[in-house]
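Each residue of the sequence shown is one higher than the last, beginning at 670 in the numbering used here. Yeah, the Cβ is synthetic: ideal placement off N, Cα and C, and Gly gets one too. Just so you know, these numbers come straight off a predicted model, no measurement behind them.
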Amino acid sequence: MKIYAIKLFTLLLFCLPIASFAQFGNNINIDYSTPIEYEIGGINVVGAQFLDRNSLISIAGFQVGQKIKIPGDDISTAIKKLWKQGILGDVKISVTEITGTKVFLQIELKERPRFSRIFLDGIPKGQHQTIEDKIKLIRGRVVTDALLKNTSNTIKAHYAEKGYRNTEVKIVQEKDTILSNSVVLRINIDKKSKVRISEIEFVGISALEEKKLEKKMKKTKERGGIFSAFKPTKFIEEEYENDKNALIAFYNENGYRNANIVSDSVFPSSDNTVKIKITIDEGEKFYYRDINWTGNYLYDDEHLSRVLGINRGDVYNQSELSERLNFSPNSTDVTSLYMDDGYLFFSVEPVEVLVEGDSIDIEMRMFEGEQATINKVIVNGNTQTNDHVIFRELRTLPGQKFSRSDLIRTQRELATLGYFDPETIQINPKPNYADGTVDIEYGVTERPNDQVELSGGWGGQFGFVGTLGLVFNNFSARRITNFKYWRPLPKGDGQRLNLRLQANGRQFQTYTLSFTEPWLGGRKANSFTINFNRSVQRLIDYYSNQQYGSLKVNGATVSLGKRLTWPDDWFTMSNSLSFLLYELDNFNSLGFGSYNTGDSYNLTFNTTLARNSVDSPTFPRRGANISLSLALTPPYSKFSANTFNEGTSDSDRFKWVEYHKWMFDSSWFLSLVGKFVLNARFNFGLLAPYNSDKGLGPFERFILGGDGLAQNGFLLGTDIIGLRGYENNSILPTESNGTGGVVYSKYVFELRYPVSLNPSATIYLLSFVEGGNNWGDYTSFNPFDMYRSAGFGARVFMPAFGLLGVDWGYGFDPIPGRPGQNGAQFHFTIGQQFR
670 MKIYAIKLFT
680 LLLFCLPIAS
690 FAQFGNNINI
700 DYSTPIEYEI
710 GGINVVGAQF
720 LDRNSLISIA
730 GFQVGQKIKI
740 PGDDISTAIK
750 KLWKQGILGD
760 VKISVTEITG
770 TKVFLQIELK
780 ERPRFSRIFL
790 DGIPKGQHQT
800 IEDKIKLIRG
810 RVVTDALLKN
820 TSNTIKAHYA
830 EKGYRNTEVK
840 IVQEKDTILS
850 NSVVLRINID
860 KKSKVRISEI
870 EFVGISALEE
880 KKLEKKMKKT
890 KERGGIFSAF
900 KPTKFIEEEY
910 ENDKNALIAF
920 YNENGYRNAN
930 IVSDSVFPSS
940 DNTVKIKITI
950 DEGEKFYYRD
960 INWTGNYLYD
970 DEHLSRVLGI
980 NRGDVYNQSE
990 LSERLNFSPN
1000 STDVTSLYMD
1010 DGYLFFSVEP
1020 VEVLVEGDSI
1030 DIEMRMFEGE
1040 QATINKVIVN
1050 GNTQTNDHVI
1060 FRELRTLPGQ
1070 KFSRSDLIRT
1080 QRELATLGYF
1090 DPETIQINPK
1100 PNYADGTVDI
1110 EYGVTERPND
1120 QVELSGGWGG
1130 QFGFVGTLGL
1140 VFNNFSARRI
1150 TNFKYWRPLP
1160 KGDGQRLNLR
1170 LQANGRQFQT
1180 YTLSFTEPWL
1190 GGRKANSFTI
1200 NFNRSVQRLI
1210 DYYSNQQYGS
1220 LKVNGATVSL
1230 GKRLTWPDDW
1240 FTMSNSLSFL
1250 LYELDNFNSL
1260 GFGSYNTGDS
1270 YNLTFNTTLA
1280 RNSVDSPTFP
1290 RRGANISLSL
1300 ALTPPYSKFS
1310 ANTFNEGTSD
1320 SDRFKWVEYH
1330 KWMFDSSWFL
1340 SLVGKFVLNA
1350 RFNFGLLAPY
1360 NSDKGLGPFE
1370 RFILGGDGLA
1380 QNGFLLGTDI
1390 IGLRGYENNS
1400 ILPTESNGTG
1410 GVVYSKYVFE
1420 LRYPVSLNPS
1430 ATIYLLSFVE
1440 GGNNWGDYTS
1450 FNPFDMYRSA
1460 GFGARVFMPA
1470 FGLLGVDWGY
1480 GFDPIPGRPG
1490 QNGAQFHFTI
1500 GQQFR
């Protein structure tokens, strides 16, 4: 055996030099046993079609005149450098000629193919663009192993985020028959089924109930139960990690400051389900003992402890402590106490100075600093709205003391203007510690808020049917003669111009023009509005197409509003004077006795006291909007010799309309758990005469039911009150002959949840319960006698169209004399519904 091994070794020793010489060919003899130093006389690159030859030589580390040893490490190192780029399919360096001490090299390579096109299989076409945007493949890019692997991993990660953890991706390279050295990538994606959570097991828990822990995991829910279809039972890694943090935060809020997750594991329980096992070390429950304050000079310890609201023996809660020290939603924290008085540089740090048993002593280390004065106020991002429109809404002016509550109030005022995206309003205080001043920078993002309403069609024998409505919410009257500002009309001064034309063939037409200046005179928040309207309703015989009656209404209104400073500056008061002329010509649709021909005049003074503290006009989360209004006409009957007995004709009785009308509207918003918002509303109206003998007539009454859209009810000043789950205008007293009631009440509870707060489309879902009724006389009024309903719906706010909504409601109570007008009903709404 040893003799055989020696013979084999001798044979290999003689054959090795022969193989080495054969690598170069061309009868070039190189002695591999003795390295010789050569000077590179030239370098040739073969096989490069799209790659730059000089760049390849540079990457290899070669240059003409360079000295290398053959055999040696120089050539093998150059091959490694080229191969490392990942753009070559094959590479070889050979010696083509040796002349004296000069050597000529040839780099032979094969380029990897380049990407030209992509085909996606196994997924709907609607997802193709999303995947292409994710993988970001650029045409002409070299197809490397790393590129293919990254593409596959990116696709898998994308679908894993959506719960498809078992997604398989297969990438096939197909030769492109159009482009040379190019390939088409055909990617087959098999998402498989979504991976759901079959079970969540908690180990080591005793202090807190398992159900409470499961509830804190908002996005990680186990499958099972009758409501599993509405729970997020898909397993998504990122949301699972967030929910684990929420678990520990929940323990911390209950005094378990040392709680931690010892281990957790996610393992398959079947092909499409996983089980989660979480082991928790709860630790001991802690309580506050002594809380001491240091560094405070403006307020004593007792006052600060009262503001903090945490007492000895309370459960230790770090998040609550941070909120009450730094920022609470209602601004009752310690920091607000100082910052609302100008102490911008104030800071407080709670330090655990002693942990003894289950008790913790806290020391509040404070730095009060000096009061800061506002130096400059800067606004950025208002590309359309003029500066003076923004600055007149600011509560933070140069020379004033800094106040954090004024910053928050300013943010609210800018949001309620409706010109800017409320979700992107930025406030950036820039303090100058050297001189005790602060510059305040506001960043806003303009959003389109003009609205267009356009619809039309042909109504057969009745003619054109349609609506044209234009609302310009940021109009500028002073620029109307300067056409360079027309986009399509001059904008930027915060005025409101409203044009509306509506026609239902010959039967009905209405024309409205209104203009509002929110700051009359430009110095104080006194709003001025002027409105003109004309409406015509004709009664037309269906068969002869001839008119046999009509009602024409012409009106004008002038109003002046003012922002109050007492009781606080959330209050406003507005007063208006309006005049309406009703012209009746054989109009028998009033349902009010013999009154069908004649003229009626309605001169009304209206005053409204309101308080509006909601934080956003499109999706409020907190605050309230409350108003009390009184509309009254002169008491003509008090100065008339007419006794208005039974012999008085209705045309004389109602020539001058007289009444006093009281309206109370309230809407409260409360932010609940997560993104949920509760909206509670109460509305009440009362219409009364000065003279019971004269009566009220058919004007200004109340009708309930349906979507609350006015339709033709506004011709007589009728208030159309929505009540979902019932037909439009279906709830009215039987004794009113269809003209409506004189007193009404309505109650609403809505639970809202935002789906999108994007400025281009704010979307939220809602569920509701509501009830209401109206009565034809005051003695019948009973606030607990209601027509009740419940249901759900959605709202979409788009700047160009305003607020659009759809509701499904179910009315529980039948309406006497109107069978089938309650029950399941769909309702479509346009605009904000305040009643």
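Item	Value
Where DSSP assigns a beta bridge to V1438, which residues make up the other side?	F1418 and A1459
Between Y707 and I737, is the Cβ-Cβ spacing less than 8 Å?	yes
Assign N1491 to buried or exposed, taking buried as 16 or more other Cβ atoms, counted over all protein chains shown, within 10 Å of its Cβ.	buried
May I ask which residues mark the beginning and end of the beta strand (DSSP E) holding A1279?	G1267 to N1281
Compare the C-alpha of F1470 against each of V733, G1138 and D1454 and name the closest.	G1138
Under 8 Å between the Cβ atoms of I947 and V872?	yes
Return the CA-CA distance between A826 and Y1456, expressed in angstroms with no decimal places.	53 Å
Taking the continuous alpha helix (DSSP H) assigned at T1004, which residues delimit it?	V1003 to M1008
If contact is defined by three or more beta carbon pairs under 8 Å, each pair taking one atom from either stretch, is the stretch 1265-1274 in contact with the stretch 1238-1257?	yes
Would L1066 and A1041 be called neighbours here (beta carbons separated by less than 8 Å)?	no
Candidates S1145, F1152 and K1153: which alpha carbon is nearest G1161's?	S1145
Compare the beta carbon distance of T823 and D859 with 8 Å and say whether it is the shorter of the two.	no
Ordered along the chain, which non-local residues of its own chain (more than five positions away) have a Cβ less than 7 Å from that of G832?	K863, V864, K903, F904 and I905
Restricting to Cα atoms, I'd like to know which of D1056, T1150, G1486 and F1177 is closest to V1113.	D1056
I'd like to know if the stretch 907-926 and the stretch 959-974 are in contact, where contact means that at least 3 CB-CB pairs between them fall below 8 Å.	no
Tell me which residue opens and which closes the alpha helix (DSSP H) that Y909 is part of.	E906 to E922
To the nearest angstrom, how far is it from the Cα of P782 to the Cα of N723?	20 Å
Measure the Cβ-Cβ separation of R1350 and S1335 and say whether it is below 8 Å.	yes
Near F788, which residues of its chain fall below 8 Å by C-beta distance, leaving aside the five closest residues on each side in sequence?	V853, L854, R855 and I856
So, does the stretch 1364-1380 touch the stretch 1419-1431, judging by three or more C-beta pairs under 8 Å?	no
Return the residue from the list E883, Y985, D940 and R1116 that minimises the CA-CA distance to N927.	Y985
Would you tell me roughly how many angstroms separate the C-alpha atoms of K750 and E801, rounded to the nearest one?	32 Å
Are the beta-carbon atoms belonging to P1286 and A1084 less than 8 Å from one another?	yes
How should A1103 be labelled, buried or exposed, when 16 other C-beta atoms within 10 angstroms of its C-beta is the threshold for buried?	exposed
Rounded to whole angstroms, what is the Cα-Cα separation between S1005 and V1417?	35 Å
Could you work out which residue in I1059, E1092 and G1068 is closest to T1079 when comparing CA atoms only?	I1059
Put W1331 into one of helix, strand or coil per three-state DSSP.	strand
Helix, strand or coil for W1337, going by three-state DSSP, please let me know.	strand
Whose CA, out of F1461, G1292 and K803, lies closest to the CA of F1495?	F1461
Given this structure, state the Cα-to-Cα distance separating L1170 from L1250, to the nearest angstrom.	19 Å
With H, G and I counted as helix, E and B as strand and the rest as coil, what does DSSP make of L848?	coil
Can you tell me whether E1439 is buried or exposed? The criterion is at least 16 other CB atoms within 10 Å of its CB, across all chains shown.	buried
Please state the DSSP three-state secondary structure of T1387.	coil
By the three-class DSSP mapping on this structure, what secondary structure does V812 have?	coil
Find out if the Cβ-Cβ distance for the pair L1356, Y1328 is shorter than 8 Å.	yes
Quick one: grab the DSSP three-state call for N695.	Note that N695 has pLDDT 49, beneath the 50 cutoff, so the model's placement of it is unreliable and the number below is only indicative. Coil.
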